[in-house]
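> Before I ask anything, let me first share the structure, which is written out below as structure tokens.
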Amino acid sequence: MICGATVIAVARCAMGVDHVVDLDNVIESAKAFLKTRKLKGVYVLYDPVGGKLTKESMKLLNCATHILVIGFASGEVPVIPANIALVKTAKVWSTFSAADVCRCGPQTTDILPLKNKQQLSV
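Be aware that the sequence shown starts at 642, since it is given in the working numbering, and climbs by one per residue.
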């Protein structure tokens, strides 16, 4: 757990997460893990990959969730269907740059201490 959150990740190795998702069967692997923990879905979708995986991952969303679009490592910009965001009451967030620190002050003051304590990696 990181800050009280159960962490599910698509990764090549565990690296401190609670569950590593099978890259060949992402959605079914994640759904099976959620079921074992009696969880209805995820509340935060942190997406540095983009592409098809973003749209597929939206099947795992719980209600009142947050989608964090961080990057496009897959080379494809993610498509986020508005109907799913509306039904799930999801908020879609993007990354912010150093130039946005003044505008994003509260988020920065909350996030940076986590990074400094190595509870969050970027």
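The C-beta atom is built at its ideal place from N, Cα and C for all residues, glycine as well. Please read these numbers as outputs of a predicted model, since none were measured by experiment.
With respect to the alpha helix (DSSP H) encompassing leucine 664, which residues constitute its N-terminal and C-terminal limits?
Taken as a continuous stretch (DSSP letters only), leucine 664 belongs to no alpha helix (DSSP H), as it is neither H nor E.
> Rounding to the nearest angstrom, what Cα-Cα distance links proline 722 and threonine 695 in this structure?
So the alpha carbons of these two residues sit roughly 10 Å apart.
> DSSP state of leucine 675, grouped into three classes?
Correct three-state label for leucine 675: helix.
> Quick one: using the 10 Å Cβ neighbour count with 16 as the cut-off for buried, is glycine 645 buried or exposed?
Result: exposed.
> Can you grab the Cα-Cα spacing for the pair lysine 672 / isoleucine 708, in whole Å?
Their Cα atoms are separated by approximately 18 Å.
> With the cut-off set at 7 Å, would you say isoleucine 668 and methionine 699 are in Cβ contact?
No. Outside cutoff.
> If you compare alpha carbons, which of Val728, Val690 and Val718 is closest to valine 651?
It is Val690 whose Cα lies nearest to the Cα of valine 651.
> Can you look up isoleucine 708 in the DSSP assignment and give me helix, strand or coil?
DSSP places isoleucine 708 in strand when its eight states are reduced to three.
> Go ahead and pull the three-state DSSP assignment for leucine 755.
Residue state, collapsed to three classes: helix.
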